[in-house]
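To convert, count from 1 in the sequence shown and add 18; that's the working numbering.
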Amino acid sequence: MATTPTPLVFSGNDNENPQNFLREVERYIQLTRITNEATKVILFSTFISAGSQADIWWGGLTAQQTALWAAIKAVFETQWPAIVVAAKSTLDYQKELLTLRLKEDDVGERITVVGISTWSHLHYHGCLQKLVQDAGVANAPVIIHRQGQKGEGEEREGESAELEARQAGEHADRPSRDPASANAVRNDRTSQQPLPHHHEYPTQTS
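Shown next, in the form of structure tokens:
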């Protein structure tokens, strides 16, 4: 039977994630099926690094604050509140999407991702799909960067020009709602209509 890994000791330093430590202790209690409150309290105290800032904090708690596991978690989260995560915005994902490149020399190359062997273009396609979904766009072009070609600034200018040209073409295909343009079209159509037949009568001379 596999043993349950014990949580790492907690010191309360800035380079530690307090919420991860609390979750590890909670997971250990659940997996080892500890139900006695006194045992939970003693167990938690053994994961506090001796002589640390967390040890000083623990020694200053009252008996009421350390009577129950729920009370310990409450005072712990008051002392070390959860770090607020700065979630990425849609614009952040769109910026990442614009900078995502697959070098031409890397196409068809075998790479290792988190210990798994895969192909570079398949990994790129997966990253592209993830960014497209997170960016909230319908689709995105596959950009293969060629060595020795245009610089990044020139390449972006070309992409911007292409986008503007595409948008201009879409607007050109749409019917104009400008009253002046509509009148010009109607006047043009009127000028193309045939004039009524004009009869000429002979002039009588005396």
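C-beta atoms are modelled at their ideal positions from N, C-alpha and C, and glycine is treated no differently.
In this structure, the alpha-carbon of S135 lies about 51 Å from that of A85. Excluding sequence positions up to five before and after V27, its CB lies within less than 6 Å of the CB of F65 and S67, all in the same chain and listed in chain order. Contact between P36 and W98 is confirmed by a C-beta separation of about 4 Å, below the 8 Å threshold. With 16 or more other Cβ atoms inside 10 Å of its own Cβ, V43 counts as buried. Assignment of I134 by DSSP, reduced to helix, strand and coil, places it in the strand class.
In the three-state reduction of the DSSP assignment, R45 falls in the helix class, which pools H, G and I.
Excluding five sequence positions before and after H141, the CB atoms of its chain that fall closer than 7 Å to its own CB belong to I129 and V131, given in chain order. Residue environment: K58 is assigned as buried (16 or more neighbouring CB atoms within 10 Å of its CB, all protein chains considered).
Counting along the chain, the unbroken alpha helix (DSSP H) around E114 starts and ends at T108 to T117.
Cβ-Cβ separation between S138 and D152: approximately 21 Å, too far for a contact (criterion under 8 Å). Taking 8 Å as the cut-off, the Cβ atoms of L149 and L109 do not count as close.
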